[in-house]
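Residue numbers (the working numbering): 5 to 645. A virtual CB, placed ideally from N, CA and C, is assigned to each residue, including glycine.
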Amino acid sequence: MSKKQFKAESKRLLDMMINSIYTHKEIFLRELISNASDAIDKLYFRSLTDDSVALKKEDFLIRLTVDKDARTLTVRDNGIGMTKEELEKNLGTIAKSGSLDFKNENETGGKVDVIGQFGVGFYSAFMVASRVTVRSRAFGSDETWEWESTGAEGYTLEPCDAQDVGTEVTLVIKENEGEEHYDEFLDDWRLAEIVKKYSDYIRYPIKMLREKQRAIEGTDKDADGHYKAPEYENYTEDETLNSMVPIWKRDKKEVTSEEYAQFYREKFSDYSEPARVIQSKTEGTATFRALLFVPSRTPFNYYTKEYEKGLQLYSSGVLIMEKCADLLPDYFSFVKGLVDSEDLSLNISREMLQHDGQLKLIKSTLERKIKNELSSWLKNEREEYEKFFKNFGLQLKMGCYASYGTNKELLQDLLLFHSAKQEKLVTLREYYEAMPEEQKYIYYAAGESTERLAKLPAAERVLDKGYDILYLTDDVDEFMLQMLRNYGDKEKEKEFRNISSDDLGIETEAEKEETKARNEENKPLFDAMKDALAGKVVEVRLSQRLKTHPVCLSSSGPLSIEMEKVLNSMPAQPEKVTSEKVLEINGEHEVFAALKRLHDAGDTEKLAAYSEILYAQAQLIEGLSLEDPVAYANSVCKLMV
Ligand code: ADP
């Protein structure tokens with residue numbers, strides 16, 4: 005009999021299993037039962053449309069059999085089975101390469117417990133078995149094939165005596181070895197306990213013949229009618245080990261957070277615990293249950309096109325779709341979980357689902373539920389919510405931006421921004437409520453980092469007034485605020501205003517008049533500077549926002565300087581955009597006096613050079629790059645010698 009070799013990565017995982025020192029080896033049973041249940045799901049699903057499936061719902065089962073003398077444990081199912089090719093493909097190659105990649109990444113750190121948290125499928129059998137035999141007959145086939153392996157050396161695949169449709173996995177349990185007691189996996193009491201712990205919700209009965217003892221009737225009294233210890237007899241009983249109630253159908257008060265976490269990790273391939281569990285039951289126009297999870301980490305491909313949103317969709321307990329995207333809006337695409345509806349037909353097609361009214365109803369109900377859950381999370385567990393926001397806040401903001409702000413009402417109060425004054429995250433509501441009476445706008449500044457924004461010349465003046473500034477650091481932020489436009493109670497909404505836009509609404513009328521007059525007075529100087537800058541700025545003028553800095557840039561059009569940066573950094577941007585920049589000069593600064601002197605003395609050459617330098621400085625402060633850094637360096641050096 006010739007041995008076939010495992011594919012390279014399968015062999016690696018197998019080695020890992022065989023040599024595993026993992027303490028919760030019992031999970032192998034969960035994995036085998038879960039495979040059996042999936043296989044039954046497939047055949048059951050088929051039976052709904054295919055009359056040639058003779059089995060009825062109540063006929064499906066998973067059976068465990070123990071033979072202590074032979075040291076074997078068998079897990080049998082009457083599910084869909086596997087053909088020769090499928091045995092070869094499914095058991096010869098590892099399916100879950102995802103967990104393997106993960107293992108590689110962490111090999112050096114080695115802290116994460118891949119086996120326990122992920123579940124590694126069929127191969128976990130090798131943690132407890134010295135030999136594994138799989139006999140399977142696929143539905144629709146009259147051949148039964150036997151796959152067998154003792155581990156890393158490879159496997160054999162041979163035809164064998166016919167059996168019923170389904171799969172039988174037989175493990176020869178390892179001998180005890182030092183601390184490792186494998187015998188427990190031959191003990192029916194222990195097996196029943198493991199099934200209860202990990203597989204209670206499996207929807208098909210998991211049966212096992214159990215040895216039991218009972219008192220023989222009438223042996224508890226002696227001949228005189230006095231009570232005595234009764235005599236016992238052994239008997240066997242075929243017991244169903246699981247309650248078969250899926251976790252989402254149980255009363256949520258009775259489900260522990262560990263149970264939820266285990267279910268989540270197993271079903272949704274995450275190795276960390278969910279940050280939040282939402283379980284709900286809805287009755288009325290749409291009757292369904294939902295069990296939703298908010299992950300505690302951002303999936304590595306979350307903000308890419310590869311990420312697929314969606315919930316599992318069940319129809320009265322039967323899985324009909326693994327990932328139903330139509331159940332979740334994009335801005336809540338991070339939510340994982342399932343929906344079990346009583347109103348959906350079992351064999352509804354994908355195309356029909358999209359137009360299904362029930363589904364739309366479920367979607368909008370879920371949307372509300374998720375929103376309410378996030379709101380109460382934000383209100384009651386701020387710290388945890390901030391962690392969540394770090395992971396998925398960007399998605400919420402993109403949701404606000406997308407569809408031209410239609411989702412504003414739903415999402416805006418879930419957002420957090422860095423407050424300059426409080427140096428922590430605040431909601432728009434918190435900002436709004438802390439605004440002094442006379443404050444006209446909700447101020448924000450956009451840039452790379454909060455540290456950098458804190459140094460913006462324009463920030464000083466606003467903060468000095470006692471007004472707070474929201475520091476925005478995500479690319480989408482400013483675009484999103486433009487969609488929102490304003491925030492606040494009805495008829496008392498306040499507009500959002502970038503601190504580098506030309507009108508900050510801070511000056512009194514008198515101050516405005518004064519600046520206007522001084523600008524008029526210095527118009528020839530400013531025109532000369534504007535000419536020197538040859539189209540780079542639309543205006544040069546005195547600033548009302550500067551306190552200690554000599555210059556800054558502001559923008560006068562709808563496009564801010566930060567938006568220019570963001571748009572131009574996008575790979576898909578075909579043409580570069582430019583904001584309308586204004587060079588603002590601090591009238592109280594000595595630099596202004598120097599400029600005036602040059603202009604009065606008619607030194608146009610030097611005035612032009614100074615204008616270039618000041619403009620370059622203002623660009624640097626804004627985080628813009630200089631078109632010609634060498635020229636700038638040379639001009640500065642010229643001043644030194
Ligand atoms: P996973 O279950 O995550 O896909 P496994 O390694 O446990 O990974 O199983 C690999 C594949 O082998 C399964 O996807 C399934 O197609 C097949 N398989 C395993 N056990 C059974 C079974 N009892 N009946 C039918 N197919 C099975």
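Opening and closing residue of the beta strand (DSSP E) in which residue i lies
{"i": "Val-466", "result": "Element bounds for Val-466: not the beta strand (DSSP E) but the alpha helix (DSSP H), 461-468."}
{"i": "Glu-237", "result": "236-244"}
{"i": "Lys-211", "result": "210-219"}
{"i": "Ile-625", "result": "Looking at the DSSP string, Ile-625 is not in any beta strand (DSSP E); the run it does join, the alpha helix (DSSP H), is 608-625."}
{"i": "Arg-135", "result": "133-141"}
{"i": "Glu-147", "result": "Glu-147 -> no beta strand (DSSP E), and no H or E assigned at all."}
{"i": "Leu-175", "result": "170-177"}
{"i": "Ala-449", "result": "445-450"}
{"i": "Leu-161", "result": "159-164"}
Residue interval of the alpha helix (DSSP H) (run including residue i)
{"i": "Gly-604", "result": "Residue 604 is actually Asp in this sequence, not Gly. 594-604 is the span of the alpha helix (DSSP H), which, as asked, contains Asp-604."}
{"i": "Thr-291", "result": "That residue, Thr-291, is in no alpha helix (DSSP H); it is neither H nor E in DSSP."}
{"i": "Val-570", "result": "565-573"}
{"i": "Trp-252", "result": "That residue, Trp-252, is in no alpha helix (DSSP H); it is neither H nor E in DSSP."}
{"i": "Arg-269", "result": "261-272"}
{"i": "Leu-190", "result": "Looking at the DSSP string, Leu-190 is not in any alpha helix (DSSP H), and its letter there is neither H nor E."}
{"i": "Lys-585", "result": "Segment 585-589 is the beta strand (DSSP E) holding Lys-585; no alpha helix (DSSP H) there."}
{"i": "Pro-633", "result": "633-644"}
{"i": "Ala-458", "result": "454-458"}
{"i": "Ile-206", "result": "From DSSP, Ile-206 is part of no alpha helix (DSSP H); its letter is neither H nor E."}
{"i": "Leu-18", "result": "12-22"}
8 Å Cβ cutoff met for residue i and residue j
{"i": "Val-70", "j": "Leu-245", "result": "no"}
{"i": "Leu-332", "j": "Gly-321", "result": "no"}
{"i": "Thr-137", "j": "Glu-150", "result": "yes"}
{"i": "Asn-411", "j": "Gly-403", "result": "yes"}
{"i": "Leu-550", "j": "Arg-456", "result": "no"}
{"i": "Tyr-436", "j": "Gly-397", "result": "no"}
{"i": "Ser-558", "j": "Ser-505", "result": "yes"}
{"i": "Ala-458", "j": "Cys-556", "result": "no"}
{"i": "Ile-66", "j": "Ile-84", "result": "no"}
{"i": "Glu-3", "j": "Leu-420", "result": "The shown model of the chain, from 5 to 645, leaves out residue 3, and the question about it has no answer."}
{"i": "Pro-250", "j": "Ala-265", "result": "no"}
{"i": "Lys-211", "j": "Glu-262", "result": "no"}
{"i": "Leu-643", "j": "Leu-618", "result": "no"}
{"i": "His-593", "j": "Pro-554", "result": "yes"}
{"i": "Arg-400", "j": "Leu-418", "result": "Inspection of the sequence shows that residue 400 is occupied by Leu rather than by Arg. It is a contact, given that the beta carbons lie within the stated cut-off."}
{"i": "Leu-33", "j": "Ile-198", "result": "yes"}
Proximity winner among the options, relative to residue i (alpha-carbon distances)
{"i": "Ile-324", "options": "Asp-42, Ala-612, Glu-631, Lys-642", "result": "Asp-42"}
{"i": "Arg-280", "options": "Leu-317, Gly-144, Asn-376, Arg-293", "result": "Asn-376"}
{"i": "Ala-521", "options": "Gln-548, Glu-258, Leu-213, Val-570", "result": "Gln-548"}
{"i": "Leu-654", "options": "Met-131, Arg-141, Lys-425, Lys-61", "result": "Because the chain in this structure spans residues 5 to 645, residue 654 falls outside the shown range and cannot be described."}
{"i": "Ala-620", "options": "Asp-165, Pro-303, Glu-371, Lys-585", "result": "Lys-585"}
{"i": "Ala-156", "options": "Ala-12, Gln-443, Phe-483", "result": "Ala-12"}
{"i": "Val-132", "options": "Asp-347, Ile-31, Lys-534, Leu-95", "result": "Ile-31"}
{"i": "Tyr-448", "options": "Leu-418, Leu-467, Pro-440, Arg-207", "result": "Leu-467"}
{"i": "Val-3", "options": "Glu-147, Val-57, Asn-39, Phe-49", "result": "In the structure displayed, the chain extends from 5 to 645; residue 3 sits before or after that span and is not available."}
{"i": "Tyr-311", "options": "Ser-319, Lys-327, Trp-381, Tyr-318", "result": "Lys-327"}
{"i": "Gln-316", "options": "Glu-626, Val-343, Lys-15, Val-339", "result": "Val-343"}
{"i": "Tyr-445", "options": "Tyr-127, Glu-452, Leu-508", "result": "Leu-508"}
{"i": "Lys-232", "options": "Thr-240, Leu-643, Glu-221", "result": "Glu-221"}
{"i": "Ile-44", "options": "Ile-206, Glu-441, Pro-528", "result": "Ile-206"}
{"i": "Arg-269", "options": "Arg-601, Tyr-202, Thr-53", "result": "Tyr-202"}
{"i": "Arg-386", "options": "Glu-524, Ser-273, Thr-431", "result": "Thr-431"}
{"i": "Tyr-614", "options": "Leu-546, Leu-563, Met-533", "result": "Met-533"}
{"i": "Glu-582", "options": "Leu-563, Ile-589, Pro-575, Ile-366", "result": "Position check: residue 582 holds Thr in this sequence, whereas Glu was assumed. Selected option, being the one with the closest Cα: Leu-563."}
{"i": "Gly-341", "options": "Ser-368, Asp-187, Leu-296", "result": "Leu-296"}
{"i": "His-28", "options": "Pro-633, Glu-188, Ala-290, Ile-366", "result": "Glu-188"}
{"i": "Glu-184", "options": "Thr-512, Asn-23, Gly-539, Glu-515", "result": "Asn-23"}
{"i": "Asp-19", "options": "Ala-290, Leu-378, Arg-139, Ser-134", "result": "Ser-134"}
{"i": "Cys-164", "options": "Asn-638, Ala-74, Lys-271, Thr-148", "result": "Thr-148"}
{"i": "Arg-75", "options": "Lys-15, Leu-363, Asn-180", "result": "Asn-180"}
May I have a chain-ordered list of the alpha helix (DSSP H) segments no shorter than 4 residues that lie completely inside the stretch 346-434?
354-358, 361-384, 386-405, 412-415
Which runs of the beta strand (DSSP E) at least 3 residues long sit entirely within the stretch 466-495? Give them in chain order.
473-476
As an exercise, report each continuous beta strand (DSSP E) stretch of at least 3 residues that is fully enclosed by the stretch 298-325, in chain order.
315-319
Go through the stretch 42-107 residue by residue and report every complete run of the beta strand (DSSP E) that reaches 3 residues or more, in order.
66-71, 76-81
Secondary structure, alpha helix (DSSP H): runs of 4+ residues fully inside the stretch 492-562:
513-525, 527-536
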